[in-house]
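Engineer:
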Amino acid sequence: MWEFGGLLCAELNRSLASILPWDVPWHDPSHAIFFAALYGALSVIGIGVLAAAVITMRRLSRDDGGAHH
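In terms of the working numbering, the sequence shown opens at residue 196 and continues consecutively.
(1) Under a three-way DSSP split, which group does Asp-258 fall into?
(2) When the Cα atoms are used, what is the spatial distance from Phe-230 to His-222?
(3) In three-state terms, what does DSSP make of Leu-215?
(4) By the three-class DSSP mapping on this structure, what secondary structure does His-222 have?
(5) In whole angstroms, what separates the C-alpha of Leu-245 from that of Met-252?
Shown next as structure tokens:
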């Protein structure tokens, strides 16, 4: 029973305390793959939101009398 508890605690010591890039143990391939995918997806979402904001600002700044259709 105690051996299982020791094994579980050893695994908990290796787990993540934070999802920040400098806290991730990148030597573990599963962490590297997961967080690369996570930060990649967040980057794509962020770029999409930024593009939508830029396009909206351009459309609002045009002097077309507020015609949207």
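Glycine included, every Cβ here is placed at the ideal spot set by N, Cα and C.
Structural biologist: Here's the rundown:
(1) Of the three classes helix, strand and coil, the one that applies to Asp-258 here is coil, per DSSP.
(2) Each residue's CA atom was taken as its position, placing Phe-230 and His-222 some 12 Å apart.
(3) Reduced to three states, the DSSP call for Leu-215 is coil.
(4) DSSP places His-222 in coil when its eight states are reduced to three.
(5) The alpha-carbon of Leu-245 is positioned some 11 Å away from that of Met-252.
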